Structures are given as structure tokens and as C-alpha cells.
Amino acid sequence: MGKEDNCERCGADSDERALVEYQFKGEKKNICVRCLPQLIHGKG
Ligand SMILES: [Zn+2]
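Using my numbering, the first residue of the sequence shown is number 34, and each one after it goes up by one.
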């Protein structure tokens, strides 16, 4: 608990999967490598 770095989609943390930090509309977000392809392809 207390970790703020979780995938914004599935909630996985960096112990579980590699997380990638990115910015969208000036907001910093984290996404895991598993959800990243969905983000790239624009699937919800
Ligand atoms: Zn994820």
C-alpha cells in the first residue's frame, strides 16, 4: 500500500508488470506493458 504507481487501466503495479509513465493532456499517467498496446491502438 501507499504506492501511487499503478496502471491506470488494470491497476497492476510495477512489481507485477513493467509500467510506463506517459503524459496525456498535461497529466502524468502510468500504464503497464500489457495495456500499452491497447492505448496505442485506441481501444477502450
Ligand atoms: Zn495495465
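Quick reminder that beta carbons are idealized off the backbone N, C-alpha and C, glycines included. In this text the structure is predicted, and so the values were computed from the model without any measurement.
Continuous beta strand (DSSP E) assignments of at least 3 residues falling wholly in the segment 34-74
As far as the segment 34-74 is concerned, its whole beta strand (DSSP E) runs of at least 3 residues are 52-57 and 60-65.
So, is Ile64 buried or exposed, given that buried needs 16 or more other C-beta atoms within 10 angstroms?
Of the residues assessed, Ile64 falls on the buried side of the cut-off, its CB having 16 or more other CB atoms within 10 angstroms.
Report the option in Asp38, Glu37 and Arg42 whose CA atom is closest to the CA atom of Lys76.
The alpha carbon of Lys76 has as its nearest neighbour, out of Asp38, Glu37 and Arg42, the alpha carbon of Arg42.
Same chain only: Cβ atoms within 8 Å of Val53, ignoring 5 sequence neighbours per side
Answer for Val53: Asn63, Ile64, Cys65, Val66 and Leu69, listed in chain order.
Judging by CA-CA distance, which residue of Gln71, Gln56 and Asn39 is the nearest neighbour of Glu49?
The shortest C-alpha separation from Glu49 is found at Asn39.
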